[in-house]
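When we follow my numbering, the leftmost residue of the sequence shown carries the number 48, and every step to the right adds one.
For reference, the structure discussed in these notes is given below.
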Amino acid sequence: MNPNRKLITLDEFTVMQTRQFSQATGELSTLLRDISLACKLINKQVNKAGLADILGAHGAVNVQGEEQMKLDVYADEILINVLKNSADCAGIASEENDDFVAFDDQHSMNSKYVVMFDPLDGSSNIDVNASIGTIFCIYKRVSELGKPCSKEDFLQKGENMKAAGYVIYGSSTMLVCATKLGVNGFTLEPSIGEFCLSHRDMKCKEDGKIYSVNQGNTNKLSDKLRAYLDYCMEEDKETNRPYSHRYIGSMVADLHRTLIKGGIFMYPADKKNVHGKLRLLYECNPMSFIVEKAGGVSTTGEQRVLEVQPQELHQRVPIFIGSKNMVNYYLENYKED
Ligand code: P6P
């Protein structure tokens, strides 16, 4: 048995990072560990969704007006229960809940952080076995400690974020986490039930050859956006075009590929979704934080996503995100007037 094991677990890694800051209290590390526990419990159900009678619509409809799949509801409940028992979370906001949830026990009211999440993004892919994911982000609360957290804690700009991450339930289950120190990926090792460091210091390539958009919406797009899609499809060997088109319809999966291989992912505004479809607080902000910390760019087309001042919990924004040179080329040549 070789005692010099190479595996570094998520807990060990976050403790090692915490030690770099003498004033750090370890609360953020503990919170990340709690979130990873919730995602391991979600992973267990996702992996057997085809077997257990957990597929199919839950019947309820969420605040987005979308039919809730049972796994959505399960994932939401798991995250809320784990975070309510966490030592470091004062409350949550989630795609599946109309309003934020302030934990009202004394310990939670004294906690410094709030968490926002999309418990199971891409849920329409659940019953076709395509990759889906959990997206989360952590903010230090701005409301008074000792009292319940308030809506202002959740309506902070994305640039205030302390950490963000996602778990992709795919061919393997992987947690990608970004803090001010950078982006690291941890793959679930089922034999020990731990997320283990597998992708240290992840970087988003400055250039790519993939564009990712729901091409079916083309007729609803502006003239400039249609022109940009034509640019992506034109033949030009010097600029690696035509780009390949890849679109899974699951933001976590599309952005995980973008982070690993480079490229540009877009969910623009169109005639039907005049503000875009994706939600600012628990989809676009956390994914933008991650991609920016990896050296990429994320914009609404008018400003950095992380600079948008949120007005309400479920607001949507357009998003163009990925390789720095690709997103900047779009902005410099096809930005709306
Ligand atoms: P469309 C999944 O429902 C989701 O919220 C994101 O994960 C994904 O990027 C997007 O919607 C797909 O939307 O309109 O292309 O099916």
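Glycine is no exception: its CB is placed at the ideal position from the N, C-alpha and C atoms.
The structure presented is a predicted model; accordingly, all values stated were derived computationally and were not measured.
Following a CB-centred definition, is residue i positioned closer than 8 Å to any heavy atom of the ligand P6P?
i    : result
L228 : no
S155 : no
E328 : Reading the sequence as shown, one finds Leu at residue 328 and not Glu. Checking the Cβ of L328 against the ligand P6P gives no.
K159 : no
M163 : no
G169 : yes
S297 : yes
K324 : yes
Y216 : no
D301 : yes
N266 : no
With 16 other CB atoms within 10 Å as the buried threshold, where does residue i fall?
i    : result
L192 : exposed
D119 : buried
I239 : exposed
T286 : exposed
M280 : exposed
L228 : exposed
F68  : exposed
D135 : buried
M334 : buried
Compare the Cα-Cα distances from residue i to each of the options and report the closest residue.
i    : options                   : result
C184 : N176, Y160, S171 and N372 : Y160
E236 : V230, D123, S245 and N264 : S245
F233 : K87, C331 and K209        : K87
G343 : V189, I368 and D135       : I368
L75  : G212, K91 and E199        : G212
Y314 : E199, G217, V260 and P333 : V260
A316 : K271, F242 and K198       : K271
L126 : K117, P333 and D165       : D165
S218 : H154, R304, L84 and M156  : R304
E241 : R80, V110, K371 and M63   : R80
L386 : N231, S171 and G169       : No statement about residue 386 is possible, as the shown extent of the chain runs from 48 to 384 and does not include it.
S197 : V162, N176 and K267       : V162
Whether or not the segment 324 to 335 and the segment 347 to 361 are in contact is what I'm after, with contact meaning three or more pairs of Cβ atoms, one per stretch, closer than 8 Å; do they touch? yes
Contact between the segment 169 to 187 and the segment 202 to 212: three or more CB pairs below 8 Å? yes
Can you check the segment 164 to 226 for any beta strand (DSSP E) of at least 3 residues that lies completely inside it and give the ranges in chain order? 179 to 187, 210 to 216 and 220 to 226
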